[in-house]
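Undergrad: Each residue of the sequence shown is one higher than the one before, starting from 1 at the first, in my numbering. Glycine residues also receive a C-beta, built at the ideal position from the N, C-alpha and C atoms.
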Amino acid sequence: MARLDILAYPDPRLRMKALPVREFDDALARLIDDLFETLYAARGIGLAATQVNVQLQLIVIDVSEDRSKPEVFINPQILARDQIGLVEESCLSVPGIVENVARATALTVRAVDRRGTPYMRDLDGLLAVCLQHEIDHLDGTLFVDRLPFFKRLRTRRRLERGGRAYQAAA
1 MARLDILAYP DPRLRMKALP VREFDDALAR LIDDLFETLY AARGIGLAAT QVNVQLQLIV
61 IDVSEDRSKP EVFINPQILA RDQIGLVEES CLSVPGIVEN VARATALTVR AVDRRGTPYM
121 RDLDGLLAVC LQHEIDHLDG TLFVDRLPFF KRLRTRRRLE RGGRAYQAAA
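#1: Just reading off the beta strand (DSSP E) that Phe73 is part of, what are its end residues?
#2: Look at the alpha carbon of Tyr166 and the alpha carbon of Pro10, and state the distance between them as a whole number of angstroms.
#3: Buried or exposed: where does Arg154 fall if 16 or more other Cβ atoms within 10 Å of its Cβ makes it buried?
#4: Taking the alpha helix (DSSP H) that Asp34 falls in, what are its first and last residues?
#5: Which runs of the alpha helix (DSSP H) at least 4 residues long sit entirely within the segment 97 to 145? Give them in chain order.
#6: According to DSSP, simplified to helix, strand and coil, what is Leu14?
#7: For Gln83 versus Ala106, is the C-beta spacing smaller than 8 angstroms?
#8: Using a 10 Å radius around the Cβ and a threshold of 16 neighbouring Cβ atoms, would you call Val98 buried or exposed?
#9: Classify Leu79: buried if its beta carbon has 16 or more other beta carbons within 10 angstroms, exposed otherwise.
If you want it as structure tokens, here you go:
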């Protein structure tokens, strides 16, 4: 296993859209393991392959306190959303920024597991919120893009003071 480099905002590669996974082979299994190693080393709860410059629809999540519940979502699709509310978010690719974002706290999702077997699940709470955040990454969207206009302006100033320029989603 290997730790991968996480792309940092405003890297334009974070704006690329991911392609569906078509091959379920040893290379994919290694990538999944590397994503989990990277996630755990960064002390995050979710990581999309696009955040490590792999443009595939692949997400790893572990919202457990003891890192005992790793979850893999390949080619995920949200079928239903419910219970919209404001939730606090941050991002491994946008370090130092924490803001409230409107998200569903209950979802129905369809995805494929690491062996290529399709499944459907109902998710709630932190897992549902995290999956939406990571699916946004697959679409080239960052959580700061979901902020209201004036919060985006404030965030832009904070990022510029930190030596990074804010670029809104195209």
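TA: Taking the geometry as given:
#1: In the DSSP assignment, Phe73 falls within the unbroken beta strand (DSSP E) covering 71 to 91.
#2: Residue placement at Tyr166 is flagged as unreliable, the pLDDT there being 41, under the threshold of 50; the coordinate-derived value follows with that caveat. When rounded, the distance between both Cα atoms is 6 angstroms.
#3: With fewer than 16 other Cβ atoms within 10 Å, it is exposed.
#4: 26 to 42
#5: 125 to 138
#6: Leu14: helix per DSSP, three-state reduction.
#7: yes
#8: exposed
#9: By the beta-carbon neighbour count (other beta carbons within 10 angstroms, threshold 16), Leu79 is exposed.
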